[in-house]
Amino acid sequence: MSANRVIRALVGVLAGMALGVVELAFLLLAWPVTLLPATLFPAARQAVGRGAARLLALERARLATWLEHSPTREGGGYGYLAVRAALGVVGGYCCATLVFLGGLLLVGGVWELIVGRAHVVPVNLPGVKVVTNSAAVGMSSAVVLLALTALAVLAMGTAERRLADHFLGPGRQELMRRRIAELTATRSGIVRAVDDERRRIERDLHDGVQQRGVALAMLLGRAKHSPDQARTAELVTQAYTESRQLLDELRSVAWRIYPTALDELGLRAALAGVAERAGVPVTVHYGLTERPVSEVETALYFVAREAITNAVKHAGARDILVVLTEDERTVSVAISDDGAGGADPSGGGLSGLARRVLALDGEFTVESAEGGPTKIAARLPKAAPCG
Numbered sequence: 009m010s011a012n013r014v015i016r017a018l019v020g021v022l023a024g025m026a027l028g029v030v031e032l033a034f035l036l037l038a039w040p041v042t043l044l045p046a047t048l049f050p051a052a053r054q055a056v057g058r059g060a061a062r063l064l065a066l067e068r069a070r071l072a073t074w075l076e077h078s079p080t081r082e083g084g085g086y087g088y089l090a091v092r093a094a095l096g097v098v099g100g101y102c103c104a105t106l107v108f109l110g111g112l113l114l115v116g117g118v119w120e121l122i123v124g125r126a127h128v129v130p131v132n133l134p135g136v137k138v139v140t141n142s143a144a145v146g147m148s149s150a151v152v153l154l155a156l157t158a159l160a161v162l163a164m165g166t167a168e169r170r171l172a173d174h175f176l177g178p179g180r181q182e183l184m185r186r187r188i189a190e191l192t193a194t195r196s197g198i199v200r201a202v203d204d205e206r207r208r209i210e211r212d213l214h215d216g217v218q219q220r221g222v223a224l225a226m227l228l229g230r231a232k233h234s235p236d237q238a239r240t241a242e243l244v245t246q247a248y249t250e251s252r253q254l255l256d257e258l259r260s261v262a263w264r265i266y267p268t269a270l271d272e273l274g275l276r277a278a279l280a281g282v283a284e285r286a287g288v289p290v291t292v293h294y295g296l297t298e299r300p301v302s303e304v305e306t307a308l309y310f311v312a313r314e315a316i317t318n319a320v321k322h323a324g325a326r327d328i329l330v331v332l333t334e335d336e337r338t339v340s341v342a343i344s345d346d347g348a349g350g351a352d353p354s355g356g357g358l359s360g361l362a363r364r365v366l367a368l369d370g371e372f373t374v375e376s377a378e379g380g381p382t383k384i385a386a387r388l389p390k391a392a393p394c395g
């Protein structure tokens, strides 16, 4: 611990002790006023409110100046002032006492050395007898007391910051620490989501496209080596049918990876395509006034598409509703269905969507009781985060 940090914390704690006395006096005077009817004594209630606001402003300034803590939330109220005042007075008194005693012993020991008035002091230890002087004993005791003072001051500063976190919100440093941890987690989540997506694409290509390609090659090979023209024509016809199915499979895989309609025509058209392919009635209420930024638009699309696919494939839904809304800062999508419910938020598909949304500073929720209905929602900021 640095001396500068201890000194700053000590000043903050001592200032907190003095301010705590003022706060206790204010609370003793303000408490009876708060019991009065507001309609009968509005001026008194307003004066008390202004006084509390000024004390809270002084507390914020003290925390920011001496204890390296800048609260991020307004408020606090009488509860914070009461607990803070009690903590400040008791803790400040203990720290001030330690400082006074340590300083007194230190000055006394130095003075005895300067004027030469130190006297011999025998110290009896178990099995050992040591002879020293009063100046050395005083300065040694002072060092111990000042070390205890430093620990007490730092502990008091930590208690003050924890109390402010509870009543006034976390400080900027704590918010930065949480933000760094959040970005680290979401970055790892995106890496996992990309890996999962690659595996899914590989499965689609292997189980669908590759199998049809092999079947097409076998049909063409048999047609090439068949001596019977009628049989050859039949095999070519089968190969043609297989090639059409292969093209459909390729288009389906490409659409699942990323639909070109999303870039060319926008989110409304892309969701209309999803609704057409769903196989059950899907109603889309599009309430956005303008296109979101690319990253947000893509996230909204994949959330809606995955939720619709899951509702049809796993929940047996017969009716699906997609609602897109916005406010000044965010855009939201909510997908509701009348399926069997029981969707697992930790499952591969939904957890991947959650990671995608969280990476954009969004919120992702799943409500799916057994037996249904299910509602999946995502809220994203209109402006994508810079990192």
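With the first letter of the sequence shown counted as 1, position 113 gets the number 121 in this note's numbering; the numbers rise by one all the way through.
All residues carry an ideal CB built from backbone N, CA and C; glycine is no exception.
*Round the Cβ separation of residue 89 and residue 63 to the nearest angstrom and send it over; I've been treating them as touching at under 8 Å.*
Stepping through the sequence shown from its first residue, residue 89 is reached at position 81. Stepping through the sequence shown from its first residue, residue 63 is reached at position 55. Yes, they are in contact, since the Cβ atoms of residue 89 and residue 63 sit about 6 Å apart, within 8 Å.
*The beta strand (DSSP E) spanning residue 376 covers which residue range?*
Position 368 of the sequence shown, counted from the first residue, corresponds to residue 376. Residues 371 to 376.
*On the three-state DSSP scale, how would you describe residue 301?*
Within the sequence shown, the letter at position 293 stands for residue 301. If DSSP states are grouped into helix, strand and coil, residue 301 belongs with coil.
*Looking only at its own chain, which residues have a Cβ that is under 7 Å from the Cβ of residue 81, when we skip the five neighbours before and after it?*
Residue 81 sits at position 73 when you count from the first residue of the sequence shown. Only 176, 177 meet the Cβ criterion.
*asked:* Nearest by alpha-carbon distance to residue 174: which of 350, 53, 78 is it?
replied: Residue 174 sits at position 166 when you count from the first residue of the sequence shown. Closest option to residue 174, Cα to Cα, is 78.
*Which of helix, strand or coil does DSSP assign to residue 395?*
Within the sequence shown, the letter at position 387 stands for residue 395. Bear in mind that a pLDDT of 47 at residue 395, under 50, signals an unreliable position, so the number given afterwards is only what the model happens to contain. Residue 395: coil per DSSP, three-state reduction.
_I'd like to confirm the pairing. Which residues does DSSP put opposite residue 384 in its beta bridges?_
In the sequence shown, the residue the question calls residue 384 occupies position 376. Answer is 343, 374.
*Assess, as a yes-or-no matter, whether the region 247 to 259 is touched by the region 278 to 290 under the definition of 3 or more beta carbon pairs within less than 8 Å.*
no
*Which residues mark the beginning and the end of the alpha helix (DSSP H) in which residue 67 is found?*
In the sequence shown, counting from the first residue as 1, residue 67 sits at position 59. Start and end: 50 to 74.
*Are the region 326 to 339 and the region 351 to 361 in contact at 8 Å, needing three or more beta carbon pairs?*
Three or more beta-carbon pairs separated by less than 8 Å are not found between the region 326 to 339 and the region 351 to 361, which leaves the two stretches without contact.
_Residue of 346, 219, 49 minimising C-alpha distance to residue 378_ = As a first step, residue 378 must be located in the sequence shown, where it is residue number 370. Of the candidates 346, 219, 49, the one whose C-alpha sits nearest the C-alpha of residue 378 is 346.
*Cβ distance (whole Å) where residue 35 is taken to contact residue 93 below 8 Å*: Taking the sequence shown and counting its residues from 1, one reaches residue 35 at position 27. Taking the sequence shown and counting its residues from 1, one reaches residue 93 at position 85. Residue 35 to residue 93, Cβ: 7 Å. Contact.
*Are residue 38 and residue 56 close, meaning C-beta to C-beta below 8 Å?*
As a position in the sequence shown, residue 38 is number 30, starting the count at 1. As a position in the sequence shown, residue 56 is number 48, starting the count at 1. Contact: yes.
*Go ahead and label residue 302 buried or exposed: buried means 16 or more other beta carbons lie within 10 angstroms of its beta carbon, across all protein chains shown.*
Position 294 of the sequence shown holds residue 302. Exposed, by the Cβ-count rule.
*Pull up the distance between the alpha-carbon of residue 154 and that of residue 364, whole angstroms please.*
One-based indexing of the sequence shown puts residue 154 at position 146. One-based indexing of the sequence shown puts residue 364 at position 356. Going by the C-alpha atoms only, they are around 53 Å apart.
*Just how far apart, CA to CA, sit residue 26 and residue 333?*
Taking the sequence shown and counting its residues from 1, one reaches residue 26 at position 18. Taking the sequence shown and counting its residues from 1, one reaches residue 333 at position 325. Their Cα atoms are separated by approximately 52 Å.
*Grab me the residues of residue 244's own chain with a C-beta within less than 7 Å of its C-beta, minus the 5 sequence neighbours each way, in chain order.*
Residue numbering aside, residue 244 sits at position 236 when the sequence shown is read from its first letter. The residues are 231.
_What does the Cβ neighbour count give for residue 184, buried or exposed, with the cut at 16 atoms within 10 Å?_
Residue mapping note: residue 184 aligns to position 176 of the sequence shown, counting from 1. Residue 184 comes out exposed.
*In its own chain, which residues sit with a C-beta less than 7 Å from the C-beta of residue 143, not counting the 5 before and 5 after it?*
Start at 1 with the first residue of the sequence shown, and residue 143 comes out as number 135. For residue 143, where only same-chain residues beyond five positions count, the Cβ hits under 7 Å are 117, 120, 121, 126.
*To which residues does DSSP link residue 329 through a beta bridge?*
Within the sequence shown, numbered from 1, the residue matching residue 329 stands at position 321. Beta-bridge analysis with DSSP links residue 329 to 291, 344.
*Ignore the nearest five residues each way along the sequence and tell me which others in residue 14's own chain have a CB closer than 8 Å to its CB.*
By 1-based counting over the sequence shown, the position of residue 14 is 6. Within the same chain, residue 14 has close Cβ partners 158, 161, 162.
*asked:* Cutting at 6 Å between CB atoms, please list the residues of its own chain near residue 99, excluding the five before and the five after it.
replied: Residue numbering aside, residue 99 sits at position 91 when the sequence shown is read from its first letter. Correct list, in chain order: 164.
_Considering only the alpha carbon of each residue, which of 299, 258, 382 lies closest to residue 317?_
Locating residue 317 in the sequence shown gives position 309, counting from the first residue. The option with the nearest alpha carbon to residue 317 is 382.
_Suppose you measure from the CA of residue 211 to the CA of residue 236; what does that come to, to the nearest Å?_
Translated into positions along the sequence shown, residue 211 becomes position 203. Translated into positions along the sequence shown, residue 236 becomes position 228. One C-alpha to the other measures close to 38 Å.
*When you compare only the Cα positions, how much space is there between residue 115 and residue 106?*
Counting from one through the sequence shown, the residue named residue 115 turns up at place 107. Counting from one through the sequence shown, the residue named residue 106 turns up at place 98. Distance from the CA atom of residue 115 to the CA atom of residue 106, rounded to whole angstroms, is 14 Å.
*Compare the beta carbon distance of residue 28 and residue 70 with 8 Å and say whether it is the shorter of the two.*
Stepping through the sequence shown from its first residue, residue 28 is reached at position 20. Stepping through the sequence shown from its first residue, residue 70 is reached at position 62. In this structure, residue 70 does not lie closer than 8 Å to residue 28 by Cβ.
_Neighbourhood of residue 395 by C-beta distance below 6 Å, restricted to the same chain and skipping five residues each side_ = Position 387 of the sequence shown, counting from 1, holds the residue named residue 395. Note that residue 395 scores 47 on pLDDT, short of 50, meaning its location in the model is unreliable; the coordinates nonetheless yield the value given after this. Shown here for residue 395: not one same chain residue has a beta carbon closer than 6 Å to its own, the five before and five after excluded.
*Would you tell me roughly how many angstroms separate the C-alpha atoms of residue 167 and residue 91, rounded to the nearest one?*
Translated into the one-based positions of the sequence shown, residue 167 becomes position 159. Translated into the one-based positions of the sequence shown, residue 91 becomes position 83. Between residue 167 and residue 91, the C-alpha separation is close to 11 Å.
_Residue burial classification, residue 207 (beta-carbon count within 10 angstroms, cutoff 16)_ = Counting from 1 along the sequence shown, the entry for residue 207 is found at position 199. By the C-beta density criterion, residue 207 is exposed, having fewer than 16 other C-beta atoms within 10 angstroms.
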